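Notes follow once the structure below has been shown.
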Amino acid sequence: FYLQLNKMQRQYYYTTIQYSFWVNHYYVQQDIHFTVQKINKIVRSFVITFITHFNRSIFDKSMCRYNLNIMLQ
-19 FYLQLNKMQR
-9 QYYYTTIQYS
1 FWVNHYYVQQ
11 DIHFTVQKIN
21 KIVRSFVITF
31 ITHFNRSIFD
41 KSMCRYNLNI
51 MLQ
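So in my numbering the end of the sequence shown lands on 53, straight run, no missing numbers.
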């Protein structure tokens, strides 16, 4: 009887450990997912700002050159 109880207890502990592991795993995955989303958002915004800035600077340069050409003519 005691052995049986011990076995059941062990089984119970094992299932609880497994369950907690799965729950933790799920939450960790969710956290990772949210973190990845945040990082993606930040990177995307950074890239967008960088690209717009870069394009603007190129546009400004070309406009300057264009104006210079007009002035030189």
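Where a beta carbon is used, it is the ideal one built from N, C-alpha and C, also for glycine.
The structure displayed is predicted, hence computed values, not measured ones.
For residue i and residue j, I'd like the C-alpha separation in whole angstroms.
| i | j | result |
| --- | --- | --- |
| S25 | Y6 | 28 Å |
| Y(-1) | F14 | 22 Å |
| T32 | K21 | 16 Å |
| F1 | Q9 | 12 Å |
| Y(-8) | V16 | 35 Å |
Excluding the 5 residues flanking residue i on each side, which residues of the same chain have their C-beta closer than 6 Å to its C-beta?
| i | result |
| --- | --- |
| F30 | none |
Short of 8 Å in beta carbon distance, which residues of its chain neighbour residue i, apart from the five on each side in sequence? Order them along the chain.
| i | result |
| --- | --- |
| K18 | none |
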